[in-house]
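Student:
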Amino acid sequence: MPVSFSHPFLAAMALAPTPVLAQPEGVAPDLVELEIIPQDPPPPPFIHLEPPPPALPTDVRLMIETAIAANNEEAARHVIAVARKVAPRGDKDIDAIEKRWKDRLAAKASDEEAMRIARLRNAGPFEIWSGNAEVGGFRSTGTSSNVGAFAAIDLERATIDWSHKLFASADIQQTNGATSAERILASWQPNYRFSKQAYSFGIAQYERDPFAGYDARATLGVGMGYRPLNTANLKLEIEGGPAFRHTMPIEGDERTHLVGRGSFNIQWQATPTLKLSQQTALFLESNSSNAVATTAIDAKLIGKLRSRLSYNVQYEGNTPLGTNALNTQSRVTFLYGF
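Reminder that position 175 of the sequence shown reads as 170 in the numbering used here, one-by-one numbering, no gaps.
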């Protein structure tokens, strides 16, 4: 029975001949193998991943390195402390940077200390001295005419174990043409340091003060000293020991006697331009003790030039009749450091 197709395409397909696959010769139709050509697998999808941010941000690292390169230790420590708060995840990197920096500082300090020691060992007797020269004076006119002058030099030479202090001063005043004060002092004190704080010392001192009752007075002594404070801004020295004194009085016979000597010296650098100091020396004996104390305030002016306002107190236990046992003096002087 004939089949009818209403759709033209289906009718055409029904009338088209059935395709016949060509078979290789000598091969049965049911043994034909179909060749399958393999194909490459499709590529995986491309996923773009952003790299994780560094534990120590670049700008923070640059901030630390810039502070270290400025050679300001205090500022560098402050910047490192701030960086730890700003970038807490970068502690390990900051630790590494700080360790390298401190290692460089330690190596630099070691080299500088070696150079300092070598310079001290090779220094001649007239080298590595430092100190101050101090001058001052006054003049007044009126009912009485007064003129006075004060000059002093204070030197110190410090080597590895030894240090030497030299001091000399002269204070002369005239009232109505007559000398009313004349005090001359010169001293040498060698110190031998056997620890950071303790040292032994010797002292040789010469004094002249006719208005205190003696033409000349010489002192030779030894003792021990201790520095409980010895920082850049604050220094404290305490000394004590026996001494022999030879006195040539204005009245009476010369005498040589044993005395006890003690001193207390303190220096405080209150600000970069202001320094306060107190020097006290006490000599104790049976019938003629004496003490000298000087309080001073130094103010920096220009370069190595400073001004000094000082107050000096001197006590003599055995003075001639008509003279005071206690004398004080205020001074305004200028100092030059070298």
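Positions of the beta carbon are idealized from the N, C-alpha and C atoms, including for glycine.
#1: Just the C-alpha distance for residue 252 and residue 202, rounded to the nearest angstrom, thanks.
#2: Residue 277 to residue 295, Cα distance in whole Å?
#3: Between the C-alpha atoms of residue 40 and residue 34, what's the straight-line distance to the nearest angstrom?
#4: Do residue 186 and residue 140 have their C-beta atoms closer together than 7 Å?
#5: Is the beta carbon of residue 275 closer than 7 Å to that of residue 288?
#6: For residue 86, which three-state DSSP category applies?
#7: State the CB to CB distance for the pair residue 190 and residue 151, rounded to an integer number of angstroms; the pair is presumed to be in contact (CB under 8 Å).
#8: Using 8 Å for Cβ pairs, my map puts residue 162 next to residue 182. What's the rounded Cβ distance?
#9: Ordered along the chain, which non-local residues of its own chain (more than five positions away) have a Cβ less than 6 Å from that of residue 292?
#10: Tell me which residues share the same chain as residue 205 and place their Cβ nearer than 7 Å to its Cβ, disregarding the 5 neighbours each side in the sequence.
#11: Does residue 291 come out as helix, strand or coil in the three-state DSSP assignment?
#12: Just verifying my parser: in three-state terms, what is the DSSP assignment at residue 189?
#13: In its own chain, which residues sit with a C-beta less than 6 Å from the C-beta of residue 241, not counting the 5 before and 5 after it?
#14: Closest to residue 265 by C-alpha separation, out of 249, 230, 282, 237, would be which residue?
#15: Below 7 Å between beta carbons: does that hold for residue 145 and residue 131?
#16: Within its chain, find whatever has a CB closer than 7 Å to the CB of residue 70; leave out the 5 residues flanking it on each side and keep chain order.
#17: Just confirm the distance between the C-beta atoms of residue 286 and residue 310, as a whole number of angstroms; I'd bet it's less than 8 Å.
#18: Taking the alpha-carbon of residue 196 as reference, which of 95, 115, 217, 106 has the nearest alpha-carbon?
#19: Three-state secondary structure (DSSP) at residue 237?
#20: Tell me, please, which residues DSSP counts as bridged to residue 166.
#21: What are the boundary residues of the beta strand (DSSP E) that residue 214 is part of?
#22: Roughly how many angstroms lie between the CA atoms of residue 175 and residue 66, to the nearest whole one?
#23: Among residues of its own chain, excluding the 5 on either side of residue 82, which ones have a beta-carbon nearer than 7 Å to its beta-carbon?
#24: Quick check on residue 330: buried or exposed, where buried means 16 or more other Cβ atoms within 10 Å of its Cβ?
#25: From the DSSP output, which residues share a beta bridge with residue 70?
#26: Any heavy atom of the ligand PLP closer than 6 Å to the Cβ of residue 230?
#27: Around the Cβ of residue 155, are there at least 16 other Cβ atoms within 10 angstroms (buried) or fewer (exposed)?
#28: Does any residue of chain B have a CB that is nearer than 7 Å to the CB of residue 164?
#29: Could you say which of 238, 172, 180 lies nearest to residue 164 if we only look at CA atoms?
#30: If you count every other CB in all the chains shown that lies within 10 Å of the CB of residue 59, and 16 or more means buried, which is it?
#31: In three-state terms, what does DSSP make of residue 38?
#32: Starting from residue 261, trace the beta strand (DSSP E) both ways and give me its first and last residue.
#33: With distances taken between CB atoms, is the gap from residue 101 to residue 89 smaller than 7 Å?
#34: Rounded to a whole number of angstroms, what is the C-alpha to C-alpha distance between residue 238 and residue 254?
#35: Could you pull the start and end residues of the beta strand (DSSP E) that residue 279 belongs to?
Tutor: Taking the coordinates as given:
#1: As a first step, residue 252 is located in the sequence shown; it is residue number 257 there, counting from the start. As a first step, residue 202 is located in the sequence shown; it is residue number 207 there, counting from the start. Going by the C-alpha atoms only, they are around 16 Å apart.
#2: The residue you call residue 277 lines up with position 282 of the sequence shown. The residue you call residue 295 lines up with position 300 of the sequence shown. Looking at the two C-alpha atoms, the distance is approximately 30 Å.
#3: Here residue 40 corresponds to residue number 45 of the sequence shown, with the count starting at 1. Here residue 34 corresponds to residue number 39 of the sequence shown, with the count starting at 1. Distance between the alpha carbons of residue 40 and residue 34: 18 Å.
#4: Within the sequence shown, the letter at position 191 stands for residue 186. Within the sequence shown, the letter at position 145 stands for residue 140. No; because the gap between Cβ atoms is not below 7 Å, this pair is not in contact.
#5: Looking up residue 288 in the sequence shown gives position 293. Looking up residue 275 in the sequence shown gives position 280. Yes, these two residues count as a Cβ contact at 7 Å.
#6: Along the sequence shown, read from residue 1 onward, the residue named residue 86 stands at position 91. Residue state, collapsed to three classes: helix.
#7: Within the sequence shown, numbered from 1, the residue matching residue 190 stands at position 195. Within the sequence shown, numbered from 1, the residue matching residue 151 stands at position 156. Wrong, their Cβ atoms sit about 19 Å apart, outside the cutoff.
#8: Position 167 of the sequence shown, counted from the first residue, corresponds to residue 162. Position 187 of the sequence shown, counted from the first residue, corresponds to residue 182. Contact holds; Cβ gap of about 5 Å.
#9: Numbered from its first residue, the sequence shown carries residue 292 at position 297. Counting only Cβ-Cβ distances below 6 Å, and skipping sequence neighbours, we find 271, 304.
#10: The count along the sequence shown starts at 1 and reaches residue 205 at position 210. The residues are 177, 245.
#11: As a working mapping, residue 291 is identified with position 296 in the sequence shown. Of the three classes helix, strand and coil, the one that applies to residue 291 here is strand, per DSSP.
#12: By one-based count along the sequence shown, residue 189 stands at place 194. Residue 189 falls in the coil class under three-state DSSP.
#13: As a first step, residue 241 is located in the sequence shown; it is residue number 246 there, counting from the start. The answer, listed in chain order, is 213, 251.
#14: Here residue 265 refers to the residue found at position 270 of the sequence shown. Considering only alpha carbons, the answer is 230.
#15: Counting from one through the sequence shown, the residue named residue 145 turns up at place 150. Counting from one through the sequence shown, the residue named residue 131 turns up at place 136. Yes, the pair counts as a contact, with Cβ atoms nearer than the cut-off.
#16: Translated into the one-based positions of the sequence shown, residue 70 becomes position 75. Answer for residue 70: 62, listed in chain order.
#17: Start at 1 with the first residue of the sequence shown, and residue 286 comes out as number 291. Start at 1 with the first residue of the sequence shown, and residue 310 comes out as number 315. Sure, about 5 Å apart at Cβ, within 8 Å.
#18: Position 201 of the sequence shown holds residue 196. That would be 217, whose Cα lies nearest to the Cα of residue 196.
#19: In the sequence shown, the residue the question calls residue 237 occupies position 242. Three-state DSSP puts residue 237 in a strand.
#20: Counted from its first residue, the sequence shown places residue 166 at position 171. BP columns for residue 166 point to 145, 178.
#21: As a first step, residue 214 is located in the sequence shown; it is residue number 219 there, counting from the start. That run of the beta strand (DSSP E) goes 209 to 225.
#22: Here residue 175 refers to the residue found at position 180 when the sequence shown is read from its first residue. Here residue 66 refers to the residue found at position 71 when the sequence shown is read from its first residue. The alpha-carbon atoms of residue 175 and residue 66 are separated by roughly 56 Å.
#23: For this step, residue 82 is matched to residue 87 along the sequence shown. Counting only Cβ-Cβ distances below 7 Å, and skipping sequence neighbours, we find 51, 52, 55.
#24: Reading the sequence shown from its first residue, position 335 is the one you call residue 330. Residue 330 should be labelled buried.
#25: One-based indexing of the sequence shown puts residue 70 at position 75. Note: residue 70 sits in no beta bridge, so no partner.
#26: This structure does not include the ligand PLP; it has no bound ligands of any sort.
#27: For this step, residue 155 is matched to residue 160 along the sequence shown. Under this definition residue 155 is an exposed residue.
#28: Included in the structure is just one protein chain, with no chain B present.
#29: Working through the sequence shown from its first residue, we reach residue 164 at position 169. Nearest of 238, 172, 180 to residue 164, Cα basis: 180.
#30: For this step, residue 59 is matched to residue 64 along the sequence shown. Per the 10 Å Cβ criterion, buried.
#31: As a position in the sequence shown, residue 38 is number 43, starting the count at 1. In the structure shown, residue 38 sits in coil (DSSP, three-state: anything other than H, G, I, E or B).
#32: By one-based count along the sequence shown, residue 261 stands at place 266. From DSSP, the beta strand (DSSP E) with residue 261 extends over 250 to 266.
#33: Here residue 101 corresponds to residue number 106 of the sequence shown, with the count starting at 1. Here residue 89 corresponds to residue number 94 of the sequence shown, with the count starting at 1. Contact flag unset, no.
#34: Residue 238 sits at position 243 when you count from the first residue of the sequence shown. Residue 254 sits at position 259 when you count from the first residue of the sequence shown. For residue 238 and residue 254, the distance between alpha carbons rounds to 5 Å.
#35: The residue given as residue 279 occupies position 284 in the sequence shown. Residue 279 -> beta strand (DSSP E) spans 269 to 279.
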